[in-house]
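Trainee: The structure follows.
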Amino acid sequence: MSTVPDPVRPRFLRTPDAAVHLGLSPRTLEKHRCYGTGPVYHKLGGRIVYRREDLDAWAEQGLRRSTSDPGRGIVHPAKRIDGYTGPVRR
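Position 21 of the sequence shown, counted from 1, bears residue number 21 in the UniProt record's numbering, the numbering being contiguous throughout.
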C-alpha cells in the first residue's frame, strides 16, 4: 500500500504569493507595508515574507455582515492615514 504524502506548504510567503493569497496586487501590498496599514511581515535579510496566519488575521479585520455592520476592526486603504497630502505637482 502506497500513501501519497501531503504537499509541503511553505511557512512563509513572499510578496507576490502573499498578494495572490489576499487577492491583491503585489504593488498594493508593498504600499500597505510602506504606510503601515497592511499585515505584519518579517524581514529576513533583504527579503520580505508573510505568514499565512498573519495575512488571514489582517483580512479578518475587514469582515462585515452588512454595510451597517461596524465590524471588529478596520482595514485601511493603501495610502497615508495621517492626513499628509504631499507636494502638489504642476
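Where a beta carbon is used, it is the ideal one built from N, C-alpha and C, also for glycine.
What do you reckon, are the CB atoms on R80 and Y35 nearer than 7 Å?
Mentor: Yes, they are a contact pair.
Trainee: Tell me whether the beta-carbon of L55 lies closer than 7 Å to the beta-carbon of H21.
Mentor: yes
Trainee: By how many angstroms is the C-alpha of A18 removed from the C-alpha of V8?
Mentor: 16 Å
Trainee: Using 7 Å as the threshold, is the C-beta distance between V49 and R14 below it?
Mentor: V49 places its beta carbon less than 7 Å from that of R14.
Trainee: Apart from the five residues on each side of it in sequence, which residues of its chain come closer than 6 Å, Cβ to Cβ, to T62?
Mentor: Thr is not the amino acid found at residue 62; the sequence shown has Gly there. Result list for G62: V75, in chain order.
Trainee: Helix, strand or coil: how does DSSP classify V20 here?
Mentor: helix
Trainee: Going straight from the alpha carbon of T67 to that of S2, what length do you get?
Mentor: About 51 Å.
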